[in-house]
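Below is the structure:
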């Protein structure tokens, strides 16, 4: 028979265990969601309306991680069509219209694509106009880091607007800030918000807690999120983080994509997708020989007689490996923010480390195809060089792959950054520099069988294969000024032209 004191002790212990387990579970659940959602989860749930029965943490990020484009969506081999990929617009609508006129964009025959950051930092009305244009015409593109902030703010606004009194409180607070700002207040938005929160009445304390601690309310992103239409919001939600075009062996992202895990050597066959010939998921259309000393996943070698169809299938498998087997490429923050690689880690800064695009270029130039005999021959030649005492040659990288192309934006500090296998299109329009586009011609230069892996194709007049500017806009605002059309190799067999226009607010 338990004594009353024992029963009480067991009761207290049970309550304590339930308390710990519940909050431990809640904390674990919260860690599964983005930072913004974690910081507001408890407050939002405590003020939920009676009609809302959803107890899960809100996901304001709403990521669409990947969209695959068909050859019809990206018609490289149609001589009657062009693909026009535009760099970061940032709400600079007039410059965007000027660029479309400069390239003589035709919606009937051209495919227009953007690399994200179409909004924010530029004029507010310009951002809304750009977004309205993109949404109305259902333009293909990817999300940028600024677009993502706007998506999250709109998700937050829709969520808190269901709480009685919050929307009117937000509007009143914003009006007070606008009044203070128009009266010449020397306070920054951040310092003003800090003071308002500190001296707010008790009745508003709970509402202040709804605002994620690392977000700045009434920022440009907030205002765009509040003012855009539902149709515009649906368009932003449809934008993926990455576009992949299997037929063109091309990726389109906002900030960047890694060709390998930078923590390990590029030819690490256990970790790097470009270091191996991938196994076909079905009986191949070509003969495959397997080394006795290697497993089927690491030792498949395609004979020189392999069909182009098999090579295409294997290339696509490796490209899928880039998207799915490199851990950093699965992280939305990396795809939206990466600029450099610093000691094996991804960084958004540009003052240290190596630009990720340089590493991409290096790896693509080291692709020697799937021909085992060709690779052995190249490695043998390198080995003979290494044996010469007067040459100090480091171990050279040779990868069992064919090159792929990446088109990106995000890094305005580098301007138009064009290399053989990567095209950086953010040329700083929002800073009144230039808005750039890559115009890919829809004709075929050669058949795929004539393509040689690791073929050295450089831009005319530039030994580094880089192009800084190709537009001779005379700054008079005329859209009839001539453009220096310098053909750039794009992919295996196509060509492109980089075009840019001057930007003014």
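Numbering (the UniProt record's numbering), first residue to last: 1 to 505. Don't be surprised by glycine CBs; every beta carbon is placed ideally from N, CA and C.
Please report how far the alpha carbon of residue i lies from the alpha carbon of residue j, in whole angstroms.
i: residue 198; j: residue 192; result: 10 Å
i: residue 99; j: residue 116; result: 16 Å
i: residue 93; j: residue 104; result: 16 Å
i: residue 574; j: residue 347; result: Lying outside 1 to 505, the shown extent of the chain, residue 574 is not represented and no answer is given.
i: residue 315; j: residue 246; result: 9 Å
i: residue 404; j: residue 231; result: 34 Å
i: residue 433; j: residue 313; result: 42 Å
i: residue 82; j: residue 187; result: 50 Å
i: residue 95; j: residue 250; result: 27 Å
i: residue 507; j: residue 209; result: One cannot answer for residue 507 here, as it falls past the ends of the chain, which runs 1 to 505.
i: residue 495; j: residue 322; result: 24 Å
i: residue 171; j: residue 504; result: 32 Å
i: residue 425; j: residue 493; result: 21 Å
i: residue 334; j: residue 205; result: 35 Å
i: residue 107; j: residue 396; result: 46 Å
i: residue 355; j: residue 219; result: 30 Å
i: residue 167; j: residue 360; result: 47 Å
i: residue 280; j: residue 501; result: 46 Å
i: residue 408; j: residue 371; result: 31 Å
i: residue 427; j: residue 420; result: 18 Å
i: residue 162; j: residue 248; result: 46 Å
i: residue 320; j: residue 311; result: 14 Å
By the DSSP assignment, the beta strand (DSSP E) with residue i in it spans what residues?
i: residue 396; result: Per DSSP, residue 396 belongs to no beta strand (DSSP E) and is neither H nor E.
i: residue 502; result: 494-502
i: residue 340; result: 340-342
i: residue 345; result: 345-347
i: residue 441; result: 434-441
i: residue 110; result: 110-114
i: residue 250; result: 250-253
i: residue 322; result: Premise fails: residue 322 lies in the alpha helix (DSSP H), 308-324, not in any beta strand (DSSP E).
i: residue 82; result: 82-86
Spatial neighbours of residue i within its chain, please: CB distance less than 7 Å, with the 5 preceding and 5 following residues excluded, ordered by chain position.
i: residue 227; result: 128
i: residue 509; result: Past the boundaries of the shown model lies residue 509; the chain is included only from 1 to 505, so the question cannot be answered.
i: residue 268; result: 275
i: residue 460; result: Note that residue 460 has pLDDT 35, beneath the 50 cutoff, so the model's placement of it is unreliable and the number below is only indicative. Excluding residues within five positions, the ones whose Cβ falls inside 7 Å are 486.
i: residue 431; result: 412
i: residue 318; result: 273, 274, 278 and 401
i: residue 157; result: 225 and 226
i: residue 18; result: In this prediction, residue 18 has a pLDDT of 40, which is less than 50 and means its spatial position is unreliable; what the coordinates show is noted afterwards. Result list for residue 18: empty, nothing under 7 Å.
Below 8 Å on the Cβ atoms is my guess for residue i versus residue j; work out the distance and round it to an integer in Å.
i: residue 243; j: residue 142; result: 6 Å
i: residue 357; j: residue 256; result: 7 Å
i: residue 64; j: residue 241; result: 7 Å
i: residue 120; j: residue 87; result: Not quite, the Cβ-Cβ distance comes to about 15 Å (not below 8 Å), so this is no contact.
i: residue 254; j: residue 336; result: 6 Å
i: residue 235; j: residue 135; result: 4 Å
i: residue 77; j: residue 442; result: 7 Å
i: residue 237; j: residue 150; result: About 11 Å separates the two Cβ atoms, so there is no contact after all.
Determine the extent of the alpha helix (DSSP H) in which residue i is found, giving its start and end residues.
i: residue 174; result: 166-182
i: residue 227; result: 220-227
i: residue 96; result: 93-102
i: residue 334; result: 332-337
i: residue 148; result: 145-160
i: residue 199; result: Here residue 199 belongs to no alpha helix (DSSP H), and DSSP marks it neither H nor E.
i: residue 235; result: 230-238
Closer than 8 Å by C-beta to residue i: which residues in its own chain qualify, once you throw out the five before and the five after it? Chain order, please.
i: residue 165; result: 207
i: residue 343; result: 353
i: residue 200; result: 208
i: residue 111; result: 73, 74, 75, 81, 82, 83, 84 and 140
i: residue 350; result: 339, 340, 411, 413 and 414
On the DSSP bridge list, what partners appear for residue i?
i: residue 423; result: 407 and 418
i: residue 490; result: 494
i: residue 68; result: 244
i: residue 367; result: 399
i: residue 355; result: 340
i: residue 141; result: 114
Go through its chain and collect everything with a Cβ distance to residue i's Cβ below 6 Å, but skip five positions before and after it.
i: residue 271; result: 261 and 264
i: residue 29; result: Caution applies to residue 29, whose pLDDT of 31 falls short of 50 and renders its modelled position unreliable; the value that the coordinates give is listed next. Closer than 6 Å at the Cβ level, and outside the excluded window around residue 29, lies no residue.
i: residue 89; result: 96, 118 and 130
i: residue 144; result: 116, 117 and 254
i: residue 67; result: 240 and 243
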